[in-house]
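Protein chains in written order, with the working numbering: chain A, 310 to 808; chain B, 310 to 808.
Below: one structure, written as structure tokens.
Protein chains: 2
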Amino acid sequence: VPNAGLEPFLTQIREGGDGIEIVTGEASAERYRDPFALVGASRAPAGVRPAAAGDVQRIVAAANRFGVPLWPISRGENLGYGGAAPFDETSVTLDLSRMNRILEVNAEDAFCSVEPGVSFEDMFEHIDSHDLPLWLSVPGYGAGSMMANALERGVGNALYGDHSSQICGMEVILGDGELVRTGMGSIPESGMWHRQKASLGPRFDELFLQSSFGVVTKMGLWLMPAPAASAAFDIALEERDALGGLVEVLKSLKRAGIIQDAPVISSFLTIAALRSKRSDWAEPGAPLTEDVAARICAEMGCGWWNARLRLYGMPDMVETSIGHVEDALALLQGCSFSISRWRQGDAMALAHRGVPSRVGLGNVRWCGASGAHIDYSVCIPVSGAEAVRQMLRTQEALSQLGLDYHSTFYLRERHMLNVMQILFDQDDGELCAAVDALIPALIADAAARGFGLYRSPLRYREIAMRQMTFGNDALARLHGRLKRALDPNEILSPGKDGF
Amino acid sequence: VPNAGLEPFLTQIREGGDGIEIVTGEASAERYRDPFALVGASRAPAGVRPAAAGDVQRIVAAANRFGVPLWPISRGENLGYGGAAPFDETSVTLDLSRMNRILEVNAEDAFCSVEPGVSFEDMFEHIDSHDLPLWLSVPGYGAGSMMANALERGVGNALYGDHSSQICGMEVILGDGELVRTGMGSIPESGMWHRQKASLGPRFDELFLQSSFGVVTKMGLWLMPAPAASAAFDIALEERDALGGLVEVLKSLKRAGIIQDAPVISSFLTIAALRSKRSDWAEPGAPLTEDVAARICAEMGCGWWNARLRLYGMPDMVETSIGHVEDALALLQGCSFSISRWRQGDAMALAHRGVPSRVGLGNVRWCGASGAHIDYSVCIPVSGAEAVRQMLRTQEALSQLGLDYHSTFYLRERHMLNVMQILFDQDDGELCAAVDALIPALIADAAARGFGLYRSPLRYREIAMRQMTFGNDALARLHGRLKRALDPNEILSPGKDGF
């Protein structure tokens, strides 16, 4: 139910005469929603579209005055985690997509500064058209916002794929309208803002990740300098249960410093779902047996598990490292691989450099015309045994509902991300309700083993946050105190924090 | 002047009967001071020495009750930046050195968990006596606390030398006594606490770096897995002004991915001061001319600038990289170097693995029997031209006071740290007063160029923090708000934040 302050709020914005666009009614409901909602999708009663940070300050001031909650989005492409929808229908969308300037791209020191509306596609186009020696790390869906993806700790490919780690310096508008530049941005005219993460004293950037403390209006992000050469290994594992061995081999390669990259391991269905439909392989309701799995793998030319890892450096360094990776992979039964090499001057191959694409979204039709996905993403130790245990538990839980196992592991320094895309059909209400019950059960099961989510669909954030109970909910109390300090009227993203 | 609450506070602690030690009078004044104070050193009126986190909570509660400020120290070895001294003499030292347990060392996943009192020497001894495949990064003075060094963003050698980047999960007691575990420590019994930096939602660890928001009682720190091989380049540059070229060469090696290490470049005096006294080379008050510099370099067998960089990996990878480093260094005039190689199974050489030592402190006698140092440390871009400019400005400013240029540059990803140890004699009151005026002038000069301190002597923190003026001191206001939220009675480290 839209709140009483909404009309006076919109009137004040409208009469401000400063070019803030307003979206209302059907247009708002259509635009600011989750296209992949599982059940009961909320839609925003209205949206406001600022063109600059000053507009955002005016909007936040008006929101405080009239008690209207704001739901900031950048480009609204948080697919699988809630899309553009607010937590509930009291919130007005603060739509930052018009603020889409690339403020700086520094090739010499390999960083950029962007506004919220800049997409991976925009940045790729800029780098490409200026022929800059920079490689972009891109997530599955290239139309999303670089800034929002980093703020939500999104994952891309290659060395710089942990996007939130590349954040260096922000401009943020707090819940009461105060505009702050973090880090070295606090020294006027500092050229260090996007070169140096910490200034003297505490560092505040990470307060604004997956948070409701402020609206980020500018961000520095580090980019990968183009290497002289690279090699891409495409690895296929025949057997499902060989996952554990592969994880251990990749872990040992990382520990030995042979690979700097964060390798990615994906189940065969993540490939099959891009190029076929479930109904191509099985009757509705019938399980995908191991026989069917073998047939899919054979036709797709892939393994049950498929991994990608990349090497970067000088050509001879890359060759030396290739030998070590080959030796290590030779230890694995049922493992085959191909190597693709690239050197400066070669035509660019997609396997090496990140190129933004919308192809990844093609998998949503897997289950039917009203197909959608919702993502359950958990962090576990880098361990073969844990990877297998995680696979068995989640695959079993999914299969009991007739759901398939679209699963990807990202190997990091000392933990792995396991992202499971649950593909479903929005027209199947019974299944949607079952998935809606499954995810909380998976969250509780993970917490019982000491594991937590890396990122949560908005609908389950409260449940996921409530697993963090140490010391009688001490972290939630700390979180709440900071919220009250920075957004005393609780204007920003109510519901996002899980309290 | 000790405040009125001091006696009742100490009485309550004393009568608590829980084994908290109390230090008062001369013992306190002697122990909790800055041995290298430039002028007017403050000393603590008393110290309290808890044995466990519960003791710290009781102390913080009593401090809140009686309005007694606390000045937490770990081992009190913050030499060059204020030592163990509080900002002023109202603060009671919260001396955490009895909490010195190594809680965990995990060789498989290469991390440890420590209490505040654990020194680099303690950890080295543990790793060595258990023959664990881990290499420690150590700062100049091995007797200091691992935790405190990371909290103050201390610098060590080798890949893991940016100590604050290795922090993964903390236990913190806030200013009102609330005990919080950050990150995955918030999920009970989680094995991920020291494996995974972020949990769902904002990350709070960096709030407690160089800050007064809480007392850290446990910390996870990542350690470097022992490599299969390494190579250490010792590089000497004959000419002072060749610094710029070396910086550019090292930058290009880092950009190309040839070196992962953060190379260190030090002026000849940092070496000479460890092995000789100023009076060995010049009359008191006489400048160290370039002729004298040449003589010192010849006798010490070093260059005007001396750099160290290390390569790690498999033996053949290290050899391949060595070739690229040699090629790059060959471009520099007046540059010579030696390479020391190490392989698993060889006796350990100091040049490769970090071994804690107290030798670095030997330089304080450079100027006389009451020698001391105070450190001025600034961050600048990774640029040869900026390095030379920084050198010229600071060397000139020092030489006008008859002070020598003990300077070290640490090359990071996109910035360099320049640590200048100002060596002086505490008995020379006139010189001390001059240095006391010089440092604020250097801070203001840096800020005018957009540069800020990496770490500040306590005495100049307010001046350094006040350079961060963007948006009418917006960052300071944010800082102040968080302080009030987490430590409402301003019990912790008054004066440390610069407001």
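Note that the Cβ used here is the ideal one computed from N, Cα and C, for glycine as well.
Between the stretch 446–462 of chain A and the stretch 503–510 of chain A, the count of Cβ pairs shorter than 8 Å is below three; the stretches do not touch.
Contact between the stretch 563–580 of chain B and the stretch 602–618 of chain B is present: three or more C-beta pairs spanning the two stretches fall below 8 Å. For the pair of segments examined, the stretch 539–548 of chain B was found not to touch the stretch 416–436 of chain B: the number of CB pairs separated by less than 8 Å stays below three. Non-local beta-carbon contacts of residue 521/B in its own chain, meaning distances under 6 Å to residues more than five positions away in sequence, involve 801, 802, 805 and 806 in chain order.
Contact between the stretch 416–432 of chain B and the stretch 648–660 of chain B is absent, with fewer than three C-beta pairs closer than 8 Å. Under the 10 Å beta carbon count, residue 629/B is surrounded by 16 or more other beta carbons and is classified as buried.
In the structure shown, residue 787/A falls within a helical segment according to DSSP collapsed to helix, strand and coil. Collapsing the DSSP output to three states places residue 423/B in a strand. Within its own chain, the residues whose Cβ lies closer than 6 Å to the Cβ of residue 513/B, once the five positions on either side in sequence are excluded, are 491, listed in chain order. Counting other Cβ atoms within 10 Å of its Cβ, residue 349/B stays below 16 and is therefore classed as exposed.
The CB of residue 629/A comes closer than 7 Å to the CB of 625, 626 and 629 in chain B, given here in chain order. CA-CA distance, residue 668/A to residue 774/A, rounds to 32 Å.
Under DSSP, residue 333/A forms a beta bridge with 355/A. Judged by DSSP secondary structure, residue 715/B falls within the beta strand (DSSP E) whose first and last residues are 715–720. At least one CB of chain B lies nearer than 9 Å to the CB of residue 489/A.
Neighbours of residue 780/B across chain A, judged by C-beta separation under 7 Å: 488, 489 and 490. DSSP places residue 682/A inside the beta strand (DSSP E), whose first and last residues are 680–689.
Going by beta carbons, residue 406/B and residue 384/B fall inside the 9 Å limit. Here the alpha carbon of residue 660/A sits roughly 15 Å from the alpha carbon of residue 537/A. Put simply, the backbone Cα of residue 560/A is about 8 Å away from that of residue 692/A. Here residue 601/B is not bridged, per DSSP, to any residue. DSSP places residue 413/A within a strand segment (E or B) once states are collapsed to three. Non-local C-beta neighbours of residue 330/B in its own chain, meaning closer than 6 Å and more than five positions away in sequence, comprise 358, ordered along the chain. Residues of the same chain with a CB within less than 8 Å of the CB of residue 710/B, apart from the 5 flanking positions on each side, are 740, 743, 744 and 747 in chain order. Taking 8 Å as the Cβ-Cβ cut-off, the stretch 760–771 of chain B approaches chain A at 760, 761, 762, 763, 764, 765 and 770, given in chain order. Secondary structure note for residue 774/A: its alpha helix (DSSP H) is the uninterrupted segment 770–774. As computed with DSSP, residue 529/A is found in a beta bridge with 422/A. For the beta strand (DSSP E) assignment, the uninterrupted runs of no fewer than 3 residues enclosed by the stretch 533–571 of chain B are, from N- to C-terminal side, 538–546. With a minimum length of 3 residues, the unbroken runs of beta strand (DSSP E) contained wholly in the stretch 633–677 of chain A fall at 644–652. For residue 699/B, same chain residues with a beta-carbon under 6 Å away, outside a window of 5 residues either side, are 689 and 727 in chain order. For residue 534/A, the nearest CB of chain B lies under 9 Å from its own CB, placing it at the interface with that chain.
When the beta-carbon positions are compared, residue 420/B and residue 553/B stay at least 9 Å from each other. With a threshold of 9 Å between beta carbons, residue 420/B makes contact with chain A. The beta-carbon separation of residue 450/A and residue 670/A, rounded to 6 Å, stays under the 8 Å limit for a contact. Among the CB atoms of chain B, none fall inside 9 Å of the CB of residue 334/A. Taking a beta-carbon distance threshold of 9 Å, residue 446/A does not count as an interface residue toward chain B.
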